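Asker:
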Amino acid sequence: MIKNISNLGDAALYCDFGTEVNKEINRNVINYFNNLRDSNFLGITNITPSYNKLVISFDLKLTSFAKLKKQVENLELKKNNNSKNNLIKIPVCCAEEFALDIKRLQKLLKINEAKIYETFFSKNYYCYMTGFIAGMPFLGDMDKSLFAKRLETPRVKVPKNSIGITEQFCNIYTFESPGGWNIIGKTPVDIFDNKKNTEPNLINPGDTISFYPISKLEYEKKYE
Amino acid sequence: MKKNMNKNYFEVLRPGINSTFQDNGRNNFYHIGIPFSGAMDNRNFLLANTISNNEINNPVVEFAYQGPKLKYTGENISINVTGDVNFKIIRKNKNLEFSCYENIILENNDCLDILSTNRSVYGYLSIGGTFEVDYYLNSCSTNTKAKIGANSGEKLKKGQIIHLKNIKKILPKNKIEYLNSKIENIRIIKGPHFDYFSKDAIDSFFSDEFNVTKLSDRMGIRLKGPKISNIKNTNIKSEGLVKGVIQITADGDPIIMLSDHGTIGGYPKIGVVISADYDKLVQIPPGSKIKFKEINLKDAETIFKLYEMETQNLISNIK
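Quick mapping for you: the protein sequence lines, in order, are chains Z and V. Everything in the first sequence is counted per our numbering, starting at 678 for the first residue and increasing by one. Everything in the second sequence is counted per our numbering, starting at -6 for the first residue and increasing by one.
1) Considering only C-alpha positions, which residue in the set V:D244, V:Q240, V:V266 is nearest to G255 (chain V)?
2) The alpha helix (DSSP H) spanning E301 (chain V) covers which residue range?
3) Which of the three DSSP states, helix, strand or coil, is assigned to N226 (chain V)?
4) Closer than 6 Å by C-beta to N17 (chain V): which residues in its own chain qualify, once you throw out the five before and the five after it? Chain order, please.
5) Smallest Cα separation from K784 (chain Z): which of Z:V833, Z:E750, Z:S822?
6) Does Y23 (chain V) come within less than 7 Å of chain Z when only Cβ atoms are used?
7) Between S268 (chain V) and chain Z, is the shortest Cβ-Cβ distance under 7 Å, so that the two count as touching?
8) Would DSSP call H156 (chain V) helix, strand or coil?
9) Please list the residues of the segment 33 to 62 of chain V that have a C-beta atom closer than 7 Å to any C-beta atom in chain Z, keeping them in chain order.
10) Sort V:L63, V:I83, V:N167 by Cα distance to L40 (chain V) and report the nearest one.
11) For I679 (chain Z) and G883 (chain Z), I'd like the C-alpha separation in whole angstroms.
12) Closest Cβ-Cβ distance between A143 (chain V) and chain Z: below 7 Å?
13) Where does Q15 (chain V) sit, in a helix, a strand or coil, going by DSSP?
14) Cα separation between P165 (chain V) and N69 (chain V)?
15) Should K62 (chain V) go down as buried or exposed, given a rule of 16 or more other Cβ atoms within 10 Å for buried?
16) Nearest-angstrom Cα distance between F852 (chain Z) and V866 (chain Z)?
17) Would you tell me roughly how many angstroms separate the C-alpha atoms of T138 (chain V) and I860 (chain Z), rounded to the nearest one?
18) Using DSSP with H/G/I as helix, E/B as strand and the rest coil, what is F824 (chain Z)?
19) Please list, in chain order, all residues of the same chain as L89 (chain V) whose beta carbon is under 8 Å from its beta carbon, the five residues on each side excluded.
20) Whole angstroms is fine: what's the gap from N711 (chain Z)'s alpha carbon to G841 (chain Z)'s?
21) Closer than 7 Å by C-beta to K225 (chain V): which residues in its own chain qualify, once you throw out the five before and the five after it? Chain order, please.
22) For a cutoff of 7 Å on Cβ pairs, would you count P185 (chain V) as touching chain Z?
23) Could you check the C-alpha separation between T843 (chain Z) and I214 (chain V) for me, to the nearest Å?
24) With 7 Å set as the bound, which would you pick, yes or no: does the beta-carbon of K207 (chain V) sit closer than that to a beta-carbon of chain Z?
25) Cβ of K730 (chain Z) less than 7 Å from any chain V Cβ?
26) Could you please give me the residues that DSSP links to L118 (chain V) through a beta bridge?
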């Protein structure tokens, strides 16, 4: 349930679902997100789910904070709205030239490379949200033994399709971008396809992701 | 020769600093990380298309600081420039001066040289017709970070050809007198993390001046001024952003999110610029000083209504 709705400026609602980050709260956020997408409330321009908040922006020419707040409060939630959420398998190549921070992680976490990858590939990850840059998924939760801080100095350019980890989360850099996450590999799959005019995102909030290792040879084949 | 009668195009002789195709923007994709984009100064965008007798959401060329220099080939076409812009047309080696907000007839071999915006940032070029551009997710707005929209998501490039279509046979003669007013006081509404900052920090946030730095673009305006010290946490769990949000970075400097902003962010939000001040905010050039003033939601809504009435009134006065 939404704990509180306040205004974010004069053209957005800021819905607070709690302060912690966990799947239960996030599923609630995404359930509201899916229901609101189907609602057709007048004037909504964007709905942005995150770990524990939902921001709804609207066109101030068409509606207002007070009006939309009332509609959201009275929204009847349809229960089975998670049919939109999928299990997606993502191949990862962990060759030395892609695993930019694996040496740093071994030192930091005091476990060896093989154990790091074994732990990483043994879990499924949940997509809390996508964004910051187009299509970037924020996935969790990592096994506690892999919790690592961000780089002290962020990279100016993280290569596109790199897999990064930090604290309880991992992500995929959908574009070359600045970033401070620990890079452990690279996928040949484009997570955001800017040629696709419908659903350019492979991974959406609420989806489950399982990563699996591939060799350099397979990586190159997939790229062809 | 006869078959190719409607080959009308611009050749880009100089692209300018940041010239992109824009329209009304792209709604409903924040949740996959795609920002709104669209023309930064919405009023000047609407005026440009209205003066051209175009559909209100027709693509325009938006430029910043220095605009493009374009050579025209084709039948006579009307164009207009909006904003506070210096430009000229070079016709048979003669420099012709014109004003913004009026239709000008461009002839074959004319060269349109958009020299600069005056103490402002953005200006718009509209034509009586349509730039032939690609659409992506219901909009042609170019987002150079995600590489989407018109021109394969890129700025205009030197030497490229811009094809035109639907050239109006009856050339519109509309014009309007309009003066872009400038602002120094930006009105804001308190953000959800207002209580992350000390009383002293809040006091100086509203009483001191901030400098607009050169690190400002379509994504955001970075400010330098007094450090806004945080008493709770310099990071929050990342959450949704909107246009006009003012985040305070870990260094204590404010960043105002603009139309191409990252869709989520992890810095506390001290406030949000009111919708009515957005068009003027984006036009404040680096080197300027600004101040923030707090107002409440009710007042912000009223001010927006007035701003919108003023815009509609301007549009209906175009003849």
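Note that beta-carbon positions come from the ideal geometry of N, C-alpha and C, so glycine has one too. Quick caveat, the model's predicted, so the values are computed rather than measured.
Answerer: Quick answer:
1) V:Q240
2) 290 to 309
3) In this structure, N226 (chain V) counts as coil in the three-state DSSP scheme.
4) G31, N50
5) Z:S822
6) yes
7) Taking Cβ atoms only, chain Z reaches closer than 7 Å to S268 (chain V), which makes this a yes.
8) The answer is strand: DSSP assigns H156 (chain V) an E or B state.
9) So nothing in the stretch comes that close.
10) V:N167
11) When rounded, the distance between both Cα atoms is 18 Å.
12) No, A143 (chain V) lies away from the interface with chain Z (no Cβ there is under 7 Å from its Cβ).
13) Note: Q15 (chain V) maps to strand in three-state DSSP.
14) A straight-line Cα-Cα distance of about 12 Å links P165 (chain V) and N69 (chain V).
15) Burial call: buried.
16) Looking at the two C-alpha atoms, the distance is approximately 12 Å.
17) Reading off the sequence shown, one finds Lys at residue 138 (chain V), where the question assumed Thr. Approximately 21 Å between the Cα atoms of the pair.
18) Coil at F824 (chain Z), not helix or strand.
19) Same-chain partners within the cutoff: K81, I82, I83.
20) About 28 Å.
21) Y189
22) yes
23) 28 Å
24) no
25) yes
26) Under DSSP, the beta-bridge partners assigned to L118 (chain V) are V:V54, V:V74.
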